[in-house]
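A.B. asks:
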Amino acid sequence: MNTGFDAQNTPFDRLTQQEAEELRAAADIGYFSPGETIIARGRPTDFLHVVIKGAVEARDGEALQAVFGPRDSFDSRALVHGAAGEDFVAAEETLCYLIPRATIRGLIARNAAFAAFFYADVSRKLEAFAEARRPEGGMEAVLRTRVRDAMRHRAETIEGSATIAEAGAAMRDADVNALFVRADGRIGVVTGMNLAKAAVLRELPLNTPVREVTHFDVISVEADDFLFDALLAMTRSAKRRLAVRDGEAWVGFLEDIDLLGQFAGNSQLIPGRIAGARSVAELAAPARAIQDQVERLWRQGVKVEAIAEITSDLNRRLLVRLFDLVAPPSIRDQGCLILMGSEGRGEQTVRTDQDNGLLLAAPVPDPELAAFREAFSGALDRFGFPPCPGNVMVRNPVWSQTLDGMVRQLRRWIQDRTPEAAMNIAIFLDAVAVTGRATLLEQAKSALFAMMRGEAALMAHFAHLIESFATPSLGVLNTLMTTVGVGEDAIDIKKAGIFPIVHGIRAMALERGIAATATAERIEALVAMNALQAELGRDLLGALRVFMAYRITSQIEAVRRGNVEQESLVRPSRMTAADRDILRDSLRVVRHFREVISTRFKTSVF
Amino acid sequence: MLPAWLRHRLWRAALADRAFMFLLDPPPEGEAVSLDCETTGLDPWVDEIIAVAAVRVAGSRILTSSRFEAVVRPTRMPEAGSIKVHGLRRRDVAGGRPMAEVLPELLRFIGSRPLVGYYIDFDVAMVNRYALHQIGERLPNRRIEVSSLYYDRKYGKAPPGTAVDLRFASIRADLGIPDLGQHDALADAVMAAMMWLQLRDLQARGQRLRRGRGREATAAPLGA
Numbered sequence: 001m002n003t004g005f006d007a008q009n010t011p012f013d014r015l016t017q018q019e020a021e022e023l024r025a026a027a028d029i030g031y032f033s034p035g036e037t038i039i040a041r042g043r044p045t046d047f048l049h050v051v052i053k054g055a056v057e058a059r060d061g062e063a064l065q066a067v068f069g070p071r072d073s074f075d076s077r078a079l080v081h082g083a084a085g086e087d088f089v090a091a092e093e094t095l096c097y098l099i100p101r102a103t104i105r106g107l108i109a110r111n112a113a114f115a116a117f118f119y120a121d122v123s124r125k126l127e128a129f130a131e132a133r134r135p136e137g138g139m140e141a142v143l144r145t146r147v148r149d150a151m152r153h154r155a156e157t158i159e160g161s162a163t164i165a166e167a168g169a170a171m172r173d174a175d176v177n178a179l180f181v182r183a184d185g186r187i188g189v190v191t192g193m194n195l196a197k198a199a200v201l202r203e204l205p206l207n208t209p210v211r212e213v214t215h216f217d218v219i220s221v222e223a224d225d226f227l228f229d230a231l232l233a234m235t236r237s238a239k240r241r242l243a244v245r246d247g248e249a250w251v252g253f254l255e256d257i258d259l260l261g262q263f264a265g266n267s268q269l270i271p272g273r274i275a276g277a278r279s280v281a282e283l284a285a286p287a288r289a290i291q292d293q294v295e296r297l298w299r300q301g302v303k304v305e306a307i308a309e310i311t312s313d314l315n316r317r318l319l320v321r322l323f324d325l326v327a328p329p330s331i332r333d334q335g336c337l338i339l340m341g342s343e344g345r346g347e348q349t350v351r352t353d354q355d356n357g358l359l360l361a362a363p364v365p366d367p368e369l370a371a372f373r374e375a376f377s378g379a380l381d382r383f384g385f386p387p388c389p390g391n392v393m394v395r396n397p398v399w400s401q402t403l404d405g406m407v408r409q410l411r412r413w414i415q416d417r418t419p420e421a422a423m424n425i426a427i428f429l430d431a432v433a434v435t436g437r438a439t440l441l442e443q444a445k446s447a448l449f450a451m452m453r454g455e456a457a458l459m460a461h462f463a464h465l466i467e468s469f470a471t472p473s474l475g476v477l478n479t480l481m482t483t484v485g486v487g488e489d490a491i492d493i494k495k496a497g498i499f500p501i502v503h504g505i506r507a508m509a510l511e512r513g514i515a516a517t518a519t520a521e522r523i524e525a526l527v528a529m530n531a532l533q534a535e536l537g538r539d540l541l542g543a544l545r546v547f548m549a550y551r552i553t554s555q556i557e558a559v560r561r562g563n564v565e566q567e568s569l570v571r572p573s574r575m576t577a578a579d580r581d582i583l584r585d586s587l588r589v590v591r592h593f594r595e596v597i598s599t600r601f602k603t604s605v606f
Numbered sequence: 001m002l003p004a005w006l007r008h009r010l011w012r013a014a015l016a017d018r019a020f021m022f023l024l025d026p027p028p029e030g031e032a033v034s035l036d037c038e039t040t041g042l043d044p045w046v047d048e049i050i051a052v053a054a055v056r057v058a059g060s061r062i063l064t065s066s067r068f069e070a071v072v073r074p075t076r077m078p079e080a081g082s083i084k085v086h087g088l089r090r091r092d093v094a095g096g097r098p099m100a101e102v103l104p105e106l107l108r109f110i111g112s113r114p115l116v117g118y119y120i121d122f123d124v125a126m127v128n129r130y131a132l133h134q135i136g137e138r139l140p141n142r143r144i145e146v147s148s149l150y151y152d153r154k155y156g157k158a159p160p161g162t163a164v165d166l167r168f169a170s171i172r173a174d175l176g177i178p179d180l181g182q183h184d185a186l187a188d189a190v191m192a193a194m195m196w197l198q199l200r201d202l203q204a205r206g207q208r209l210r211r212g213r214g215r216e217a218t219a220a221p222l223g224a
């Protein structure tokens, strides 16, 4: 019977119906007077408290850490690990469900998804969260894709009087498996298999007119039809290939393999298309395909770090191919193309900037360099790479110059001690060489490491960038979440979450002379040399992935909206309770890390 | 009113079934029972109980984990009008147990604890009709009326002519208690217990409820 317990709420939504009933049956209800301490810091508790009404504050001495409102639960740490991290005090007349520890323990033992909520280790909790993400749409979304967007092959038409040998050659040249055949005012279709059967099984001469082996009962779909219609047509006609028409015109074929590609993604096809591009114009299509696969992979439930990895790899191939196409021999000979910032770290998914540069071993003729800068950056503009707000791109002479020039530039930035200069150093520190003379970048970085070695004041300045953006107070965050009808409460996930982690780790990597650029690899290296606690490293990586996951969701939404300006804003009021909980934990990790960085680099003097 | 010792003596003398002497034991310290009945109508002399729920309260804790709930089979089936109120249809109560079986269990669950409720006199009057018949006496338990505690906190010093609203839903909303589903005996008993704990605390702290405008409810609607 009903005592009002809501099992739709985190973490109880992970329970089976039967488990939820068990929990309901075991729950009591407690009343707490304003000011009453519900769980004291450092003490265990016999119950998991779920707020029914009222408000409970988590206090660390004078500091308000969080406010819990209806449906929030506390304190998993005190319940499972025996000691509360904070004082939990009723802020007003409060009623809570009291779920006995034994019941929770029993459910933890039986239900892994539920158990994840109670892990002490934030990283394990976050991992479980990531695992739990279901592909959205999936099958449904694919079946609502238009035929036009799924078909791969162009329409090639041949006269019915052409020979089957000519038809075969035409197929090979156009890299297609079927041709439209025009004969006697009709349109038919001949496939590679038709030709093979004619020659091999029927032993027809190779000069047989192709119309003899063409079938004219063409099964077709409209380019604007849904894949759902196409699948039906294939099933009804038992055909694996459909002709596609767009009004009167025949525009191509849709094959069953194309349908498969919609489910499995077709990123495997992109490298071939990049390598096969014979002009800058031909690179435009694979460049767009790279961006399209981000959304598709995400929809299909691929993890954000895997998407970033695939996307980085494809973007690098694209840039290398572009470099080959537009760089004059002098630059190809002397140059090294570098990717920096999130591109360099391999943590970019939806494109937000260009982040590329050029190092030269020796000066090249000015007109050639100027032409290359414009051709390279201009092509990326046209491919839909947004111009980098920080102007970090080949077009900017600061980022495309000789090694000596770059080293001098780095020294000036170090002496500058402005946030802009520190940011530039940070961007450069993430650089990777993608083509050309990779040793140029190694030399530039060694010079940078040498300049910073032992310079505590310089390091402190560099690390202090972490304070550029405040992490929202958890208390405020919570209050906003639990209060209905509060205005916009958007959090910039890039500033509040991603940047502090990336930059803190970057500062530590710089201090230790770690060459790796990916945040995960830097963390691994720092942990290996005992510069970072393994547990904190795991938590940071978990939190970073959570932020990246929220960001990609928001970015994809922004791309759909056609306005990427607010791409990194998330709105807790629109999140589920589970998401808010994870976000809260992740932001807590960031706050802790800021303190670690502040202590280590003594940035508090600024 | 007669002094307590005399009432007890008279009650004991009238009690037909000696097995229920425990109803006169001193109540366990700090405990009470919130009681609610669903009935076929509002006349305690004619109408019958079709569902009864009771929840113990110990200190400031409502022990929903060890609640008492029973659906009762009445001798006459509920009228259409009352079905609309409690949602128990003829075929639901037909699966219930006879009151003769339910009553002793209910009395043992309640024991000598004070009874808490909203218009608790009505619920006790309903139970009494069966008790008189079965054990020869009425329930001797002290009664705690949440609506009068609420009146006290809300309208205690109100000027004459103040509009008084003592409806169950109004009290519940004013105290910020979520609706657990009214006219379900257990939910009603739990909500009455919640009201009592909060009103008792307000009373202990000498705090009054503001009149005039509704309190901002901090409770989110809980659906289950």
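In the order they appear, the protein sequences are chains G and A. Sequence positions in the first sequence follow full-length UniProt numbering and run 1 to 606. Sequence positions in the second sequence follow full-length UniProt numbering and run 1 to 224. For each residue, glycine too, the CB sits at the ideal point set by N, CA and C. None of the values given here were measured: they were computed from a predicted structure.
Use the C-beta contact count for S598 of chain G: other C-beta atoms within 10 angstroms, 16 or more gives buried, fewer gives exposed.
C.D. replies: Flag for S598 of chain G reads buried.
A.B. asks: Please name the residues in the segment 18-32 of chain G whose beta-carbon is closer than 9 Å to at least one beta-carbon of chain A, in chain order.
C.D. replies: R24, A25, A26, A27, D28, I29, G30, Y31 and F32
A.B. asks: Determine, using beta carbons only, whether G111 of chain A comes closer than 8 Å to chain G.
C.D. replies: no
A.B. asks: Where do the N-terminal and C-terminal ends of the alpha helix (DSSP H) with P27 of chain A fall, by residue?
C.D. replies: Here P27 of chain A belongs to no alpha helix (DSSP H), and DSSP marks it neither H nor E.
A.B. asks: What residues in its chain sit with their C-beta under 8 Å from that of R97 of chain A, if we drop five residues either side in the sequence?
C.D. replies: A70, V71, V72 and R73
A.B. asks: What is the DSSP secondary structure of A219 of chain A, reduced to helix, strand or coil?
C.D. replies: Low confidence applies to A219 of chain A: its pLDDT is 38, below 50, so where it sits in the model is not reliable, and the reading given next is rough at best. Secondary structure at A219 of chain A: coil, using DSSP grouped into helix, strand and coil.
A.B. asks: Closest Cβ-Cβ distance between I523 of chain G and chain A: below 8 Å?
C.D. replies: no
A.B. asks: DSSP state of A549 of chain G, grouped into three classes?
C.D. replies: DSSP places A549 of chain G within a helical segment (H, G or I) once states are collapsed to three.
A.B. asks: Looking at the C-beta of M481 of chain G, does it have a partner C-beta in chain A at a distance below 8 Å?
C.D. replies: The predicted model places M481 of chain G with a pLDDT of 40, which falls under 50 and marks its position as unreliable; any figure quoted below should be read in that light. M481 of chain G has a beta carbon lying at 8 Å or more from every beta carbon in chain A.
A.B. asks: Please state whether DSSP places V176 of chain G in a helix, a strand or coil.
C.D. replies: coil
A.B. asks: Sorted by chain position, which residues of the same chain lie with C-beta nearer than 6 Å to G341 of chain G's C-beta, five sequence neighbours on each side aside?
C.D. replies: Within its own chain, the residues whose Cβ lies closer than 6 Å to the Cβ of G341 of chain G, once the five positions on either side in sequence are excluded, are D355, I427 and D430, listed in chain order.
A.B. asks: For L88 of chain A, does the three-state DSSP call read helix, strand or coil?
C.D. replies: coil
A.B. asks: Assuming R71 of chain G and N9 of chain G form a contact by the criterion Cβ under 8 Å, report the distance between their Cβ atoms to the nearest whole angstrom.
C.D. replies: The pair is a contact, with the Cβ atoms about 5 Å apart (cut-off 8 Å).
A.B. asks: Should R172 of chain A be flagged as near chain G, meaning a C-beta pair shorter than 8 Å?
C.D. replies: By this cut-off, R172 of chain A is not an interface position.
A.B. asks: Using 10 angstroms around the beta-carbon of I177 of chain A, count the other beta-carbons present and answer buried if the total reaches 16, otherwise exposed.
C.D. replies: buried
A.B. asks: With residue 240 of chain A as the anchor, note down where its alpha helix (DSSP H) starts and where it stops.
C.D. replies: Only positions 1 to 224 of chain A appear in the structure, and residue 240 of chain A is not among them; the question remains open.
A.B. asks: In the DSSP assignment, what residue or residues form a beta bridge with N356 of chain G?
C.D. replies: G:L339
A.B. asks: Quickly, what does DSSP pair Q401 of chain G with across the bridge? List them, please.
C.D. replies: Paired residue(s): G:L359.
A.B. asks: Just checking my contact of F469 of chain G with F499 of chain G at CB under 8 Å: how many whole Å lie between their CB atoms?
C.D. replies: 6 Å
A.B. asks: Which chain A residues sit within Cβ distance under 9 Å of E282 of chain G?
C.D. replies: Going along chain A, no residue has its Cβ under 9 Å from E282 of chain G, so there is no contact; the nearest lies around 56 Å.
A.B. asks: Determine the DSSP secondary structure at V350 of chain G, reduced to helix, strand or coil.
C.D. replies: coil
A.B. asks: Does the Cβ of D184 of chain G have 16 or more other Cβ atoms within 10 Å, making it buried, or fewer, making it exposed?
C.D. replies: With fewer than 16 neighbouring CB atoms inside 10 Å of its own CB, D184 of chain G falls in the exposed class.
A.B. asks: What is the C-beta distance between L416 of chain G and P389 of chain G, in whole angstroms, given that I count them as a contact (C-beta under 8 Å)?
C.D. replies: The identity of residue 416 of chain G in the sequence shown is Asp, whereas the question assumes Leu. About 20 Å separates the two Cβ atoms, so there is no contact after all.
A.B. asks: Does any residue of chain G have a CB that is nearer than 8 Å to the CB of I62 of chain A?
C.D. replies: Closer than 8 Å to the CB of I62 of chain A there is at least one CB belonging to chain G.
A.B. asks: Would you give the residue range spanned by the alpha helix (DSSP H) that E69 of chain A belongs to?
C.D. replies: Segment F68 to V71 is the beta strand (DSSP E) holding E69 of chain A; no alpha helix (DSSP H) there.
A.B. asks: Using only the alpha-carbon positions, how far apart do L254 of chain G and V570 of chain G sit?
C.D. replies: Their Cα atoms are separated by approximately 39 Å.
A.B. asks: Just grab the DSSP bridge partners of H215 of chain G for me.
C.D. replies: G:V189
A.B. asks: Between D179 of chain A and M191 of chain A, what straight-line distance do the alpha-carbon atoms span, to the nearest angstrom?
C.D. replies: 8 Å
A.B. asks: Consult DSSP for D43 of chain A and reduce its assignment to one of helix, strand or coil.
C.D. replies: coil
A.B. asks: Exposed or buried, V476 of chain G, counting other C-beta atoms within 10 Å across all chains shown (16 or more means buried)?
C.D. replies: Reliability fails at V476 of chain G, whose pLDDT of 45 lies under 50, so the model's placement of it is uncertain and the value that follows must be treated cautiously. Its Cβ having fewer than 16 others within 10 Å, V476 of chain G is exposed.
A.B. asks: Alpha carbon to alpha carbon, how far is V590 of chain G from V350 of chain G? Give it in angstroms, no decimals.
C.D. replies: 23 Å
A.B. asks: Tell me the rounded alpha-carbon separation between H133 of chain A and A13 of chain A.
C.D. replies: 16 Å
A.B. asks: Between which two residues does the alpha helix (DSSP H) holding E86 of chain G run?
C.D. replies: Taken as a continuous stretch (DSSP letters only), E86 of chain G belongs to no alpha helix (DSSP H), as it is neither H nor E.
A.B. asks: Under the criterion of a Cβ to heavy atom distance below 7 Å, does G357 of chain G qualify as lining the ligand ATP?
C.D. replies: Although the ligand ATP was asked about, the structure shown includes no ligands whatsoever.
A.B. asks: Does the CB of M194 of chain A have a neighbour CB from chain G at under 8 Å?
C.D. replies: yes
A.B. asks: Identify which residue in A:F68, A:G30, A:F122 and A:D47 has its Cα closest to the Cα of L107 of chain A.
C.D. replies: A:F68
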